[in-house]
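Engineer: Let me begin by handing over the structure; questions about it come next.
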Amino acid sequence: MIREFLSKPSSRYSIQRLGFVMLTLIAVITVVPIIAIIVHIFMQGMAAISWEFLTSFPRDGMQAGGIFPAIVGTFFLTLGTAILSIPISIGAAIYLAEYAPDNRWTRAIRIAIINLAGIPSVVYGLFGLGLFVIFLNIGTSIFAGCLTLSIMTLPIFISTSEGALKSVPHSFRVVSISLGATRWQTIRRIVLPQALPGILTGVILGLERAVGETAPILFTAAAFFLPQLPNSPFDPTMALPYHLFVISTQVPGMPIDMQYGTALVLLTFIIGMNILATIIRSRARARRQW
Amino acid sequence: MDKIIIENLSLIYSDGAESLKNVSLNIPVNTITVLFGPAGGGKSTLLRVINRLNDLADVTQISGNVLLADNTLKFTNVLDPQLDVIALRRRVGMVFARPIVLPLSIHDNLTYGLEMAGENDKMRLNEAVERSLQQAALWDEVKDRLDDPAADLSGGQQQRLCLARSLAFEPEVILLDEPTSGLDPISTGKVESSLQELKKLYTIVLVPHSVQQAARTADFAAFFLQGEMIEYGPGETIFINPRDERTTSYIEGRFG
Chain S
1 MIREFLSKPS SRYSIQRLGF VMLTLIAVIT VVPIIAIIVH IFMQGMAAIS
51 WEFLTSFPRD GMQAGGIFPA IVGTFFLTLG TAILSIPISI GAAIYLAEYA
101 PDNRWTRAIR IAIINLAGIP SVVYGLFGLG LFVIFLNIGT SIFAGCLTLS
151 IMTLPIFIST SEGALKSVPH SFRVVSISLG ATRWQTIRRI VLPQALPGIL
201 TGVILGLERA VGETAPILFT AAAFFLPQLP NSPFDPTMAL PYHLFVISTQ
251 VPGMPIDMQY GTALVLLTFI IGMNILATII RSRARARRQW
Chain D
1001 MDKIIIENLS LIYSDGAESL KNVSLNIPVN TITVLFGPAG GGKSTLLRVI
1051 NRLNDLADVT QISGNVLLAD NTLKFTNVLD PQLDVIALRR RVGMVFARPI
1101 VLPLSIHDNL TYGLEMAGEN DKMRLNEAVE RSLQQAALWD EVKDRLDDPA
1151 ADLSGGQQQR LCLARSLAFE PEVILLDEPT SGLDPISTGK VESSLQELKK
1201 LYTIVLVPHS VQQAARTADF AAFFLQGEMI EYGPGETIFI NPRDERTTSY
1251 IEGRFG
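Chains S and D, in that order, give the protein sequences. To convert, note that position 98 of the first sequence is 98 in my numbering; the numbers rise steadily by one, no gaps. To convert, note that position 138 of the second sequence is 1138 in my numbering; the numbers rise steadily by one, no gaps.
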């Protein structure tokens, strides 16, 4: 019966059509929440955005003024995290992709990296508090926050960088070696330049996560309110995600448009980085020669 | 005079595949020596022993001797674990079956080997570019666009670029692993006629992509079957009057 039904061409076509419609529907459903969130935050937060909001300090128990110190803080936290973690993760990725033999030791490193990626961010925060702030006596500061965020982003950086290095065709390496280049020259001159766009994309996506996280900086870097900008990396700082948390839950009677305005600024930061990553990727794809 | 002397060479890959069984042959200087036979015979493996490119593969066991002579008849033991393999690869150039151009300009593909060896004199690099392109019969086609990406060239041009690239650092030996397998007959003809010129300057070891090419190009020919060298001698002898029954069958196309 069923076989007969399935083998009839007309019913097979209608099943295909049904499947196609279902899949389209599912695809649309996944896009809806993203667009809804962006539109919602944009509509609610746009009213708060003004030059003053972006460039002045909070006033009147945070209920007026702007979010300038939080923007500056997030900028420096992101920059510091990039400076600390990019060299380490590219180095680790080169080792894993190009030199590491497949043995128990390197498998252990890989498992450690994968597990590191799965640790909840609040655990990183506690770890940073214990190690950097208290044990190493760095204190609650931008530096301690950057160190904590770096450890959190390392696994993302390393695995995307390793993937980018491994996507460079093996034949390039063989040819380079056959022309009398050393392995390091091969990496330096051929592999790394070809992998760089992929590495940069991964770095930006990883930093996006660092920009938006509250928990890792909660105990290590962030301040509730500061009347001035930090003077050095060893000062605490305000930061956008933590500030958003504070004005949404800790301050009674906050104007709602300031909350949404802060969320909008944070979202713009992240979308901006995302667009940058997309541009780098598509430029590189256009230039790529294999 | 012999350029390369191979004595009792055996090689086993780590997956247990025995790729070469007790192979001995002498490759004379300034000739084209052709290694031919059906796939899996060990021809490519033998090429990759001569420039130690097998170091990149999983080779568990290698025995025998491979000696490379220089102009003063001093022999280098290629298999010596202490050998400076970088220096060896500058004496032994290689062209692969697929044209693999590096993701650089035409010019930089050609100067890559020299630059990696520390040469940075612009004049000498440019001389090497022109000379090697002339030798590979590519100069007239690309002389006005040396700074274009090498990947923009056609397949045949890319393969001649790869040949030129291996000539740019003036090696003593050129290894060619089915260099024309992906090329049209016209490009193939250009490569083959370049080789006839090049053998005056270099010693050439060629794995051909067909018996016909082997017969057209060989000064000396070695027939390989499943890791064994069945027969080796001057091209005329091997292709007109082979001694071994298996060589005859393969040349006549009864298997392969």
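The C-beta atom is built at its ideal place from N, Cα and C for all residues, glycine as well. As the structure is a prediction and not an experimental result, all values here were calculated from the model.
Taking its Cβ as the centre, do 16 or more other Cβ atoms sit within 10 Å of S/Asn115, making it buried, or is it exposed?
Structural biologist: Answer is exposed; the Cβ neighbour count stays below 16.
Engineer: What did DSSP end up calling D/Glu1019 once you bin it into helix, strand or coil?
Structural biologist: Here residue 1019 of chain D turns out to be Ser, not Glu, going by the sequence shown. Note: D/Ser1019 maps to strand in three-state DSSP.
Engineer: Are S/Tyr242 and S/Thr214 closer than 8 Å when you measure CB to CB?
Structural biologist: In contact: S/Tyr242 and S/Thr214 (Cβ atoms closer than 8 Å).
Engineer: Exposed or buried, which one is S/Glu52 when buried takes at least 16 other CB atoms within 10 Å?
Structural biologist: With fewer than 16 Cβ atoms within 10 Å of its Cβ, S/Glu52 is classed as exposed.
Engineer: Do the region 194-201 of chain S and the region 270-286 of chain S touch if we need at least three Cβ pairs shorter than 8 Å?
Structural biologist: In short, these stretches touch, since the Cβ pair count reaches three.
Engineer: Comparing alpha-carbon positions, which option in S/Ile94, S/Thr153, S/Phe127 and S/Ala108 lies nearest S/Ser85?
Structural biologist: Here the closest residue by C-alpha is S/Thr153.
Engineer: Could you tell me which uninterrupted beta strand (DSSP E) segments, each at least 3 residues in length, are contained entirely in the region 1029-1061 of chain D, listed from first to last along the chain?
Structural biologist: Complete beta strand (DSSP E) runs here, min 3: 1032-1036.
Engineer: Going by DSSP, name the residue or residues bridged to D/Thr1076.
Structural biologist: DSSP, once it has assigned bridges, lists D/Leu1068 as partnering D/Thr1076.
Engineer: Which residues of chain S have a Cβ atom closer than 9 Å to the Cβ of D/Leu1053, listed in chain order?
Structural biologist: Correct list: Val174, Ile177 and Ser178.
Engineer: Using CA atoms only, rank isn't needed, just tell me which of S/Ala239, S/Ile94 and S/Ile34 is closest to S/Ile271.
Structural biologist: Here the closest residue by C-alpha is S/Ile34.
Engineer: From this set, D/Asp1144, D/Arg1145 and D/Ser1187, which residue's C-alpha is nearest D/Leu1163's C-alpha?
Structural biologist: Of the candidates D/Asp1144, D/Arg1145 and D/Ser1187, the one whose C-alpha sits nearest the C-alpha of D/Leu1163 is D/Ser1187.
Engineer: With a threshold of 8 Å, are at least 3 pairs of Cβ atoms found where one atom belongs to the region 1169-1177 of chain D and the other to the region 1194-1213 of chain D?
Structural biologist: The region 1169-1177 of chain D is in contact with the region 1194-1213 of chain D.
Engineer: I want to verify the contact list: residues of chain D whose CB lies under 9 Å from the CB of S/Ala284, in sequence order.
Structural biologist: Per Cβ cutoff of 9 Å: no residues; S/Ala284 is ~11 Å from chain D at best.
Engineer: What residue range is occupied by the uninterrupted beta strand (DSSP E) comprising D/Pro1234?
Structural biologist: Segment Glu1228 to Pro1234, the beta strand (DSSP E) holding D/Pro1234.
Engineer: Could you give the distance in angstroms between the alpha-carbon of S/Asn103 and the alpha-carbon of D/Met1116?
Structural biologist: Cα to Cα, the separation comes out at about 31 Å.
Engineer: Are the C-beta of S/Ile187 and some C-beta of chain D separated by less than 8 Å?
Structural biologist: Taking Cβ atoms only, chain D never reaches closer than 8 Å to S/Ile187, which makes this a no.
Engineer: Taking C-beta pairs closer than 9 Å, name the residues in chain D that S/Ile190 reaches, listed in chain order.
Structural biologist: Here the neighbours are Leu1102, Pro1103, Leu1104 and Tyr1112.
Engineer: Does any residue of chain D have a CB that is nearer than 8 Å to the CB of S/Thr201?
Structural biologist: Chain D, which has no Cβ nearer than 8 Å to the Cβ of S/Thr201, makes this no.
Engineer: Between which residues of its own chain and D/Arg1089 is the CB-CB distance below 6 Å, once the five residues before and five after are set aside?
Structural biologist: Closer than 6 Å at the Cβ level, and outside the excluded window around D/Arg1089, lie Asn1051.
Engineer: Figure out for me which residue from D/Pro1185, D/Val1029 and D/Glu1007 has the closest Cα to the Cα of D/Asp1219.
Structural biologist: Residue D/Val1029 is the option with its Cα nearest to D/Asp1219.
Engineer: Leaving aside the five residues before and after D/Ser1181 along the sequence, list all residues of the same chain whose C-beta is less than 6 Å from its C-beta, in chain order.
Structural biologist: Closer than 6 Å at Cβ, skipping near neighbours: Ala1097 and His1209.
Engineer: Examine chain C for any beta-carbon lying closer than 8 Å to the beta-carbon of S/Ala47, and answer yes or no.
Structural biologist: Among the protein chains of the structure shown, namely S and D, there is no chain C.
Engineer: Roughly how many angstroms lie between the CA atoms of S/Thr275 and S/Leu79, to the nearest whole one?
Structural biologist: Correcting the residue identity first, residue 275 of chain S is Ile in this sequence and not Thr. Looking at the two C-alpha atoms, the distance is approximately 18 Å.
Engineer: Counting pairs of Cβ atoms below 8 Å between the region 1137-1146 of chain D and the region 1053-1064 of chain D, do you hit three or more?
Structural biologist: As far as the Cβ criterion goes, the region 1137-1146 of chain D does not touch the region 1053-1064 of chain D, which means the pair count is below three.
Engineer: Taking the DSSP output, what are the residues bridged to D/Met1094?
Structural biologist: Beta-bridge pairing links D/Met1094 to D/Leu1175.
Engineer: Could you check whether the Cβ of D/Met1116 sits closer than 8 Å to any Cβ belonging to chain S?
Structural biologist: For D/Met1116, the answer is yes, since a Cβ of chain S falls inside 8 Å of its Cβ.
Engineer: Check distances from the C-beta atoms of the region 1034-1062 of chain D to those of chain S and list, in chain order, the residues that come in under 7 Å.
Structural biologist: Listed in sequence order: Asn1051, Leu1053 and Leu1056.
Engineer: Hey, does S/Thr220 have any beta-carbon neighbour from chain D nearer than 8 Å?
Structural biologist: Chain D, which has no Cβ nearer than 8 Å to the Cβ of S/Thr220, makes this no.
Engineer: Any residues in the region 1194-1227 of chain D with a beta carbon nearer than 7 Å to a beta carbon of chain S? Which ones, in chain order?
Structural biologist: Within the region 1194-1227 of chain D, no residue qualifies.
Engineer: Short check: CB of S/Gly180 to CB of D/Gly1118, under 8 Å?
Structural biologist: No, Cβ-Cβ distance for S/Gly180 and D/Gly1118 is not below 8 Å.
Engineer: Do we get a CB-CB distance below 8 Å when we pair S/Ser10 with the residues of chain D?
Structural biologist: For S/Ser10, the answer is no, since every Cβ of chain D falls outside 8 Å of its Cβ.
Engineer: Answer yes if the region 1036-1056 of chain D comes into contact with the region 1014-1026 of chain D, meaning at least three C-beta pairs across the two stretches below 8 Å, and no otherwise.
Structural biologist: Touching, per the Cβ criterion.
Engineer: Since D/Ala1150 and D/Ser1105 are thought to touch, with beta carbons under 8 Å apart, how far apart are those beta carbons, to the nearest angstrom?
Structural biologist: 6 Å between Cβ atoms; contact.
Engineer: Measuring only between beta-carbons, confirm whether S/Ser171 sits less than 8 Å from chain D.
Structural biologist: It does: the Cβ of S/Ser171 has a partner Cβ on chain D nearer than 8 Å.
Engineer: In the DSSP assignment, find the alpha helix (DSSP H) that holds S/Ala210 and state where it starts and stops.
Structural biologist: S/Ala210 -> alpha helix (DSSP H) spans Leu192 to Gly212.
Engineer: Between D/Met1094, D/Leu1073, D/Gly1093 and D/Asn1065, which has its C-alpha nearest D/Asp1080's C-alpha?
Structural biologist: For D/Asp1080, the nearest C-alpha among the options comes from D/Asn1065.
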